[in-house]
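Number of protein chains: 2
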Amino acid sequence: MSTKPTLYTSLSPALLHLYDLSNSVVVIIDVFRATSTIASALYNGAKCVIPVDSVPKAIEISKNIGGIAAGERDGQIAEGLQHGNSPLEYGRDFIADKTLVLTTTNGTRLLHMALNNKADSIVAGSFPNLSAICEHLIADKKNVVLGCAGWKDRFNLEDTLFAGAVIGRIKEHFNIYCDSSLMAEKMYNSHKKDLYSFAPMLTHYHRLVERFGLIEDIRFCLTEDVANVLPYYQDGKLVKG
Amino acid sequence: MSTKPTLYTSLSPALLHLYDLSNSVVVIIDVFRATSTIASALYNGAKCVIPVDSVPKAIEISKNIGGIAAGERDGQIAEGLQHGNSPLEYGRDFIADKTLVLTTTNGTRLLHMALNNKADSIVAGSFPNLSAICEHLIADKKNVVLGCAGWKDRFNLEDTLFAGAVIGRIKEHFNIYCDSSLMAEKMYNSHKKDLYSFAPMLTHYHRLVERFGLIEDIRFCLTEDVANVLPYYQDGKLVKG
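These protein sequence lines are chains A and B, in that order.
Heads up: the first sequence begins at 1 in our numbering, then just goes up one per residue.
Heads up: the second sequence begins at 1 in our numbering, then just goes up one per residue.
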């Protein structure tokens with residue numbers, strides 16, 4: 001028998017409980033946009049990103065520590081906050097040496113679910129930091145669960161495509177016996193050459209672009225390695241790994 | 001605005017609650033093998049199929065009505081039963097004019113979940129009755145939820161491929177705003193010419209073929225329209241619609 005670690009893909013937070021997280025690295029994937037934004041902020045010099053599950057908590061913590069409270073609900077800047085969930089908001093001039101306190105509809109919620117399910121360790125993955133994630137997973141030699149944040153527990157394709165991108169790069173290092181992973185890799189291979197032109201078919205594209213005009217966000221979130229850091233969860237914070 | 005009905009695909013029983021079933025036709029999909037077996041039995045003249053959720057209930061009901069108690073757990077004939085979940089067991093000589101009382105790990109469980117979630121109506125779909133399902137959904141003009149049974153709440157590809165086959169045939173009659181449906185159709189289109197040769201990559205194939213040698217079952221379950229009836233749920237039974 002091979003002694004390679006296993007790799008599974010969880011297509012929705014509602015399926016996460018099916019996987020044993022206790023001896024796995026869990027990759028939180030929320031391509032549009034939480035994990036892309038986390039990568040962007042850390043890449044641009046943020047001290048850390050504190051993921052929280054509510055707007056009041058984001059406001060309270062950011063006040064206490066002098067951080068930036070930010071987040072969205074249903075794709076828009078959440079009421080009571082001045083900063084949202086766009087990776088483009090967090091350029092170096094604004095975010096360097098600051099702490100971002102972030103709450104989002106899907107991604108930060110999934111991260112807390114992974115914590116509650118006793119994940120061995122947690123990293124945040126997105127196309128902007130694809131290579132850093134893959135290198136970490138290969139070097140770590142632990143079991144992996146790729147956790148797609150989806151949209152309010154529904155499957156979405158952009159998170160699945162990112163899972164597929166990871167699998168394509170690291171699969172020879174893992175035992176993969178998982179239809180979700182097989183599907184994710186096939187979908188990514190079918191569309192990797194035209195992720196931009198495929199994007200308008202996705203439900204989340206409509207939410208972000210047709211309702212809120214966030215086409216530049218979409219471009220950033222689908223570009224590989226433009227914020228190539230490893231966001232690693234430690235003591236309540238995502239820090240550069 | 002278009003007045004077409006909507007179509008969604010639920011990739012796992014654990015996601016079914018996300019969809020409004022109360023004004024939808026729910027298509028129960030358990031390609032390997034419950035819904036293929038249901039189609040086979042009805043096509044071969046069974047009076048009806050009674051889906052039940054436990055082995056003792058299957059035995060009790062079949063005794064009371066003089067039916068055939070059948071079912072599997074984890075891919076094998078369930079303890080205490082003489083008949084399993086193979087569509088090839090239910091040829092005309094054996095099943096004509098009889099009642100099949102069937103319990104399975106995933107498919108019949110999903111059917112009961114759809115009932116509990118107040119589905120407007122329920123039909124059972126599989127490649128052997130693909131055309132009958134598509135014709136019914138087009139004629140019915142109601143909202144549709146394609147419900148994949150998966151494996152113990154995990155996503156599986158064979159049910160998703162069948163959902164994709166349905167979507168490819170009927171999509172112009174529906175409003176489809178659903179990444180699961182988009183993915184299912186793309187996966188089916190990529191593999192429709194080689195479903196047999198793709199099958200060995202699926203986890204469920206390993207379970208059925210490598211452990212139990214059921215290659216002929218797999219062939220039947222992937223062949224379109226070889227048992228082209230409409231299994232329609234009514235008063236506790238699946239009958240020919």
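C-beta: ideal position from N, C-alpha, C; glycine also.
Values in this document were obtained by computation on a predicted structure and should not be read as measured data.
Residue interval of the alpha helix (DSSP H) (run including residue i)
{"i": "I170 (chain B)", "result": "157 to 170"}
{"i": "L16 (chain A)", "result": "Where L16 (chain A) is concerned, there is no enclosing alpha helix (DSSP H), given that its DSSP letter is neither H nor E."}
{"i": "I95 (chain A)", "result": "92 to 95"}
Distance, residue j Cα to residue i Cα
{"i": "F162 (chain B)", "j": "L130 (chain B)", "result": "8 Å"}
{"i": "A69 (chain A)", "j": "I28 (chain A)", "result": "21 Å"}
{"i": "S86 (chain B)", "j": "D159 (chain B)", "result": "17 Å"}
{"i": "I167 (chain A)", "j": "S181 (chain A)", "result": "7 Å"}
{"i": "L88 (chain B)", "j": "L115 (chain B)", "result": "28 Å"}
{"i": "A58 (chain B)", "j": "F32 (chain B)", "result": "20 Å"}
{"i": "I218 (chain B)", "j": "P231 (chain A)", "result": "44 Å"}
{"i": "V226 (chain A)", "j": "S36 (chain A)", "result": "10 Å"}
{"i": "A199 (chain B)", "j": "Y205 (chain B)", "result": "6 Å"}
{"i": "H136 (chain B)", "j": "H173 (chain B)", "result": "12 Å"}
{"i": "I61 (chain B)", "j": "K152 (chain B)", "result": "25 Å"}
{"i": "E72 (chain A)", "j": "S12 (chain A)", "result": "19 Å"}
{"i": "N143 (chain A)", "j": "C134 (chain A)", "result": "13 Å"}
{"i": "I170 (chain B)", "j": "M183 (chain B)", "result": "15 Å"}
{"i": "G14 (chain B)", "j": "V145 (chain B)", "result": "Rather than Gly, the amino acid found at residue 14 (chain B) in this sequence is Ala. Roughly 14 Å between the two C-alpha positions."}
{"i": "V55 (chain A)", "j": "L81 (chain A)", "result": "8 Å"}
Same chain, Cβ closer than 8 Å to residue i, neighbours up to 5 away in sequence not counted
{"i": "R211 (chain B)", "result": "G75"}
{"i": "V229 (chain B)", "result": "A39, L42, Y43, N129, A132, K240, G241"}
{"i": "A312 (chain A)", "result": "Nothing can be reported for residue 312 (chain A): it is not among the residues displayed for chain A, which extend from 1 to 241."}
{"i": "T105 (chain B)", "result": "E72, R73, D74, G75, W151, K152"}
{"i": "K4 (chain A)", "result": "H173, F174, N175"}
Contacts around residue i, its chain only, beta-carbon distance under 7 Å, and the 5 residues preceding and following it disregarded
{"i": "N117 (chain B)", "result": "L16, H17, L21"}
{"i": "A119 (chain B)", "result": "L21, S24, V26"}
{"i": "D53 (chain A)", "result": "T103, T108, R109, H112"}
{"i": "G91 (chain A)", "result": "N44"}
{"i": "L208 (chain A)", "result": "F32, G75, L214, D217, I218"}
{"i": "G147 (chain A)", "result": "S10, L16, V26, V27, I28, I29, L110, A114"}
{"i": "I65 (chain A)", "result": "T99"}
DSSP three-state assignment for residue i, whether helix, strand or coil
{"i": "R33 (chain B)", "result": "coil"}
{"i": "I218 (chain B)", "result": "helix"}
{"i": "A184 (chain B)", "result": "helix"}
{"i": "L195 (chain B)", "result": "helix"}
{"i": "V226 (chain B)", "result": "coil"}
{"i": "R73 (chain B)", "result": "strand"}
{"i": "Y43 (chain B)", "result": "helix"}
{"i": "V52 (chain B)", "result": "coil"}
{"i": "I133 (chain A)", "result": "helix"}
{"i": "L85 (chain A)", "result": "Note on identity: in this sequence residue 85 (chain A) is Asn, with Leu being the wrong assignment. N85 (chain A) falls in the coil class under three-state DSSP."}
{"i": "R154 (chain B)", "result": "strand"}
{"i": "N23 (chain A)", "result": "coil"}
{"i": "I176 (chain B)", "result": "coil"}
{"i": "K4 (chain A)", "result": "coil"}
Cβ-based neighbour list, residue i, same chain, cut-off 6 Å, excluding 5 preceding and 5 following
{"i": "V49 (chain B)", "result": "I38, A41, L100, L102, L238"}
{"i": "E224 (chain A)", "result": "F127, L130"}
{"i": "L195 (chain B)", "result": "L222"}
{"i": "Y233 (chain B)", "result": "I122"}
{"i": "T6 (chain B)", "result": "N143, N175"}
Terminal residues of the beta strand (DSSP E) in which residue i lies
{"i": "A114 (chain A)", "result": "Note, A114 (chain A): premise wrong, no beta strand (DSSP E); alpha helix (DSSP H) at 107 to 116."}
{"i": "N143 (chain A)", "result": "143 to 148"}
{"i": "L7 (chain B)", "result": "7 to 10"}
{"i": "I122 (chain B)", "result": "121 to 125"}
{"i": "L208 (chain B)", "result": "It is not in any beta strand (DSSP E) - L208 (chain B) carries neither H nor E in the DSSP assignment."}
{"i": "T103 (chain B)", "result": "99 to 103"}
{"i": "L242 (chain B)", "result": "Because residue 242 (chain B) is not part of the residues shown, which for chain B are 1 to 241, the question remains open."}
{"i": "P231 (chain A)", "result": "231 to 234"}
Interface flag, residue i vs chain A, CB-CB below 8 Å
{"i": "K193 (chain B)", "result": "no"}
{"i": "S126 (chain B)", "result": "no"}
{"i": "L42 (chain B)", "result": "no"}
{"i": "Y196 (chain B)", "result": "no"}
{"i": "D30 (chain B)", "result": "no"}
{"i": "S180 (chain B)", "result": "yes"}
{"i": "L110 (chain B)", "result": "no"}
Cutoff 8 Å: residue i Cβ touching any chain B Cβ
{"i": "T203 (chain A)", "result": "yes"}
{"i": "N156 (chain A)", "result": "yes"}
{"i": "A149 (chain A)", "result": "no"}
{"i": "D153 (chain A)", "result": "yes"}
{"i": "C221 (chain A)", "result": "no"}
{"i": "C48 (chain A)", "result": "no"}
{"i": "C134 (chain A)", "result": "no"}
{"i": "S36 (chain A)", "result": "no"}
{"i": "S190 (chain A)", "result": "yes"}
{"i": "L102 (chain A)", "result": "no"}
Residue-chain proximity (residue i, chain C), Cβ-Cβ < 8 Å
{"i": "K186 (chain A)", "result": "Of the protein chains in the structure, A and B, none is chain C."}
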